[in-house]
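Notes to accompany the following structure.
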Amino acid sequence: MINKYFTKVEKPISYEGKDSKNPLAFKYYNKSQKVGNKTMAEHLRFSVAFWHTMLGNGADIFGTGGGFTREWRSASDPMQRSKDTMEANFEFLQKCGVDYWCFHDRDIAPEGETFTESCKNLETMVQVAKKFQKETGVKLLWGTQNCFSNPIYSQGAGSSPNAHVMATAIAQVKNAIDATKELGGENHVFWGGREGYESLINTDLKKETEKMARFFQMAVDYKKKIGFKCQFLIEPKPCEPTKHQYDADAATTLYFLKEYGLIDDFKLNIEANHATLAGSTFEHELAVASLAGKLGSVDANRGDLLLGWDTDQFPTDIYDATMAMLVILKQGGLGTGGLNFDAKVRRGSNDPLDLFYAHIGGMDAFAKGLLVAHQMIQDKVLDKFIDERYSSHNSGIGQQIMSGKVTMEDVDKWVRNEKNPVLQSGRQEMLENIINSYIF
Ligand code: XLS
Ligand code: NI
Ligand code: NI
Numbered sequence: 000m001i002n003k004y005f006t007k008v009e010k011p012i013s014y015e016g017k018d019s020k021n022p023l024a025f026k027y028y029n030k031s032q033k034v035g036n037k038t039m040a041e042h043l044r045f046s047v048a049f050w051h052t053m054l055g056n057g058a059d060i061f062g063t064g065g066g067f068t069r070e071w072r073s074a075s076d077p078m079q080r081s082k083d084t085m086e087a088n089f090e091f092l093q094k095c096g097v098d099y100w101c102f103h104d105r106d107i108a109p110e111g112e113t114f115t116e117s118c119k120n121l122e123t124m125v126q127v128a129k130k131f132q133k134e135t136g137v138k139l140l141w142g143t144q145n146c147f148s149n150p151i152y153s154q155g156a157g158s159s160p161n162a163h164v165m166a167t168a169i170a171q172v173k174n175a176i177d178a179t180k181e182l183g184g185e186n187h188v189f190w191g192g193r194e195g196y197e198s199l200i201n202t203d204l205k206k207e208t209e210k211m212a213r214f215f216q217m218a219v220d221y222k223k224k225i226g227f228k229c230q231f232l233i234e235p236k237p238c239e240p241t242k243h244q245y246d247a248d249a250a251t252t253l254y255f256l257k258e259y260g261l262i263d264d265f266k267l268n269i270e271a272n273h274a275t276l277a278g279s280t281f282e283h284e285l286a287v288a289s290l291a292g293k294l295g296s297v298d299a300n301r302g303d304l305l306l307g308w309d310t311d312q313f314p315t316d317i318y319d320a321t322m323a324m325l326v327i328l329k330q331g332g333l334g335t336g337g338l339n340f341d342a343k344v345r346r347g348s349n350d351p352l353d354l355f356y357a358h359i360g361g362m363d364a365f366a367k368g369l370l371v372a373h374q375m376i377q378d379k380v381l382d383k384f385i386d387e388r389y390s391s392h393n394s395g396i397g398q399q400i401m402s403g404k405v406t407m408e409d410v411d412k413w414v415r416n417e418k419n420p421v422l423q424s425g426r427q428e429m430l431e432n433i434i435n436s437y438i439f
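Structure representation (structure tokens):
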């Protein structure tokens, strides 16, 4: 086991049960514990986000580094710094007992003077990562491209009005897909940070969305051409950085994929904090994606009720985790996807140990959510009620309407012959109490 950067954590974090007072132990996440027919690790497929955990320095728009001293970022040579960071990444993964990681191309390798140099740096770092993956057994949940930080993408990447910029984004994606393939990634994510627009006074919406579609189609074609079997995922987000995003939420993204004939080649990666930014809830976005058979993976984090931006906090809310796991369990799991902690410690949490506390909390929240959701499904507490609530459609006029057997005139006649409808209670409060009784 690597033991260089996180020496305060001498052995991998272990499960000690809910009564443990050890802050560096899991209270609910017990990797090999069976829940139904899968282990907790198989259900949850946790992943560490390289960009937040390894590169996060506490910066926000009012201040650069937050006083985070990260030994693995101390080398002055950029390639050496990247290598040290990669080593620290795998030490962290092993010590935290997380089986997967995720990265952007530009997180793991520095940008060079030219595009070609950037590609070379990436190839070198992919080989470094490959060696660590082999040594530790940790796998790649997904790779992605950062087509949003470089100022050339300030007016869009795949949807840029500038053909040279669009071409650069396409080439960058090609190399990022190669990197994901080389590392055996199970998915490849597209988050269109700059794909959108600020104002219609300088924007041709039709041209931009057609470009987006073309950009995705080229990625699909390339993936097929090289025989790469990973799942492509689009991660919806409504704003931040761009005012209007083309992939604003699950429903918008599904419509886009259908409209441009891309629906069979993509699933969605739903992020909790993006759902709330879209004025929705995490569970709603998960349910919309799942209903379409398109819930592929999850960026597990949370926002803050009082702050209106993507705060990317670690998920600690058991209720949210339970509702998310209900959707995930009902669709039979996430397949090749997983729960990636796209989350960062707060600016004040400046000790590398805080990275452990943060992940332990997120993992325990979802482990508890999994246990609660599994039990509720076993006991059919909500299902029984919901079935009953719709049961008037199982026969009579309800069944006739839904099977298309009656016309509007038939229905008109039927209603005129009946008394007024009688409504049953939706029992929301009773059901909320039941959910709480499972959580407590
Ligand atoms: C930003 C996104 C980003 C994606 C990957 O808000 O969440 O981190 O997950 O590009
Ligand atoms: Ni985000
Ligand atoms: Ni994300």
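The sequence shown lines up with residues 0 to 439 when you count with numbering that gives the first Met the number 0. The C-beta atom is built at its ideal place from N, Cα and C for all residues, glycine as well.
query = Roughly how many whole angstroms lie between the Cα atoms of L261 and N21?
reply = In this model, L261 and N21 are separated by some 49 Å (Cα to Cα).
key: Continuous alpha helix (DSSP H) assignments of at least 4 residues falling wholly in the segment 32 to 99   = Listed in chain order, they are 39 to 43, 49 to 52, 77 to 95.
query = In its own chain, which residues sit with a C-beta less than 6 Å from the C-beta of M375, not counting the 5 before and 5 after it?
reply = Excluding positions up to five away in sequence, the list reads Y437.
key: Those residues, in chain order, that have a beta-carbon closer than 5 Å to some heavy atom of ligand 3   = Every residue with a CB closer than 5 Å to a heavy atom of ligand 3 is listed here in chain order: E270, D298, D341.
key: Residues near V137 by beta carbon distance below 8 Å, same chain, minus five either side   = If we look at V137 and ignore the five residues flanking it on each side, its Cβ neighbours are F89, L92, Q93, V97, D98, Y99, W100, F131.
ask   = Grouping DSSP H, G and I as helix and E and B as strand, with all else coil, what is I269?
value = Three-state result, I269: strand.
key: Beta-carbon separation (whole angstroms), A74 vs R80, contact threshold 8 Å   = Sure, about 4 Å apart at Cβ, within 8 Å.
query = Could you give the C-beta distance for L333 and G295, rounded to a whole number, given that I count them as a contact under 8 Å?
reply = Between G295 and L333 the Cβ distance is about 7 Å, and since that is below 8 Å, they are a contact.
ask   = Between D448 and ligand 2, is the CB less than 7 Å from at least one heavy atom?
value = Because residue 448 is not part of the residues shown, which for the chain are 0 to 439, the question remains open.
key: Proximity test, W190 beta-carbon vs ligand 1 heavy atom, cut-off 7 Å   = Checking every heavy atom of ligand 1 against the Cβ of W190, one is found closer than 7 Å.
query = Which residue from G403, H103, V326, D263 puts its Cα closest to that of A372?
reply = Relative to the Cα of A372, the nearest Cα in the group G403, H103, V326, D263 belongs to V326.
inquiry  = Can you look up R193 in the DSSP assignment and give me helix, strand or coil?
reply    = In the structure shown, R193 sits in coil (DSSP, three-state: anything other than H, G, I, E or B).
task = Kindly indicate which three-state DSSP category G295 falls into: helix, strand or coil?
result = Looking at G295 - three-state DSSP - the assignment turns out to be strand.
key: Rounded straight-line distance, which links the Cα of L199 to that of W141   = W141 and L199: Cα-Cα distance of roughly 34 Å.
Rounded C-alpha distance that separates K55 from L204 = First, the amino acid is wrong: residue 55 is Gly here, not Lys. Rounded to the nearest angstrom, the two C-alpha atoms are 35 Å apart.
message = Taking only three categories from DSSP, how would you classify Q427?
response = In the three-state DSSP reduction, Q427 falls in the helix class (H, G or I).
message = Quick check: what's the CA-CA separation for W308 versus V410?
response = Taking the straight line from one Cα to the other gives about 49 Å.
ask   = Relative to the C-alpha of A226, which residue among E270, M407, A218 is closest?
value = At residue 226 the sequence reads Gly, which differs from the Ala that was named. Nearest neighbour of G226 by Cα position, chosen from E270, M407, A218, turns out to be A218.
ask   = Can you name the start and end residues of the beta strand (DSSP E) that L232 belongs to?
value = In the DSSP assignment, L232 falls within the beta strand (DSSP E) that extends over 230 to 233.
message = Which residue wins for smallest C-alpha separation from N435, given the options A212, K404, L381?
response = The residue with the shortest Cα to Cα distance from N435 is L381.
key: G57 to D76 span [Cα, whole Å]   = Approximately 22 Å between the Cα atoms of the pair.
request  = Compute the distance between the beta-carbons of E110 and G155, then report whether it is under 8 Å.
outcome  = No, the Cβ-Cβ distance between E110 and G155 is not below 8 Å.
request  = Pull up the CB-CB distance for T123 and A108, whole angstroms please, since I reckon it's below 8 Å.
outcome  = Contact between T123 and A108 is confirmed by a C-beta separation of about 7 Å, below the 8 Å threshold.
ask   = Is it a yes or a no for the segment 329 to 347 touching the segment 4 to 23, going by three-plus beta-carbon pairs under 8 Å?
value = Touching, no.
request  = Report, in whole angstroms, the separation of the C-beta atoms of K37 and Y27, which I expect to be a contact under 8 Å.
outcome  = So it is not a contact: roughly 16 Å between Cβ atoms.
query = Per DSSP, N443 forms a beta bridge with which residues?
reply = Here the chain covers residues 0 to 439 and nothing more, so residue 443 does not appear.
ask   = Can we count D319 as close to ligand 2, meaning its CB is less than 7 Å from some heavy atom?
value = Outside the cutoff, so no.
query = Name the DSSP beta bridge partners of K138, please?
reply = Checking the DSSP bridge columns, you'll see K138 partnered with Y99.
task = Please go through the same chain and pick out, in chain order, the residues whose beta-carbon is closer than 7 Å to the beta-carbon of M0, but skip the five residues on each side of it.
result = So the qualifying residues of the chain are Q93.
request  = Please list the segments of the alpha helix (DSSP H) lying wholly inside the segment 279 to 329, counting only runs of 4 or more residues, in order along the chain.
outcome  = At a cut-off of 4 residues, the continuous stretches assigned as alpha helix (DSSP H) that sit fully inside the segment 279 to 329 are 281 to 290, 317 to 329.
task = Just grab the DSSP bridge partners of Q244 for me.
result = Paired residue(s): G195.
message = In the DSSP output, what is Y14 paired with across the bridge?
response = In DSSP, Y14 forms a bridge with F25.
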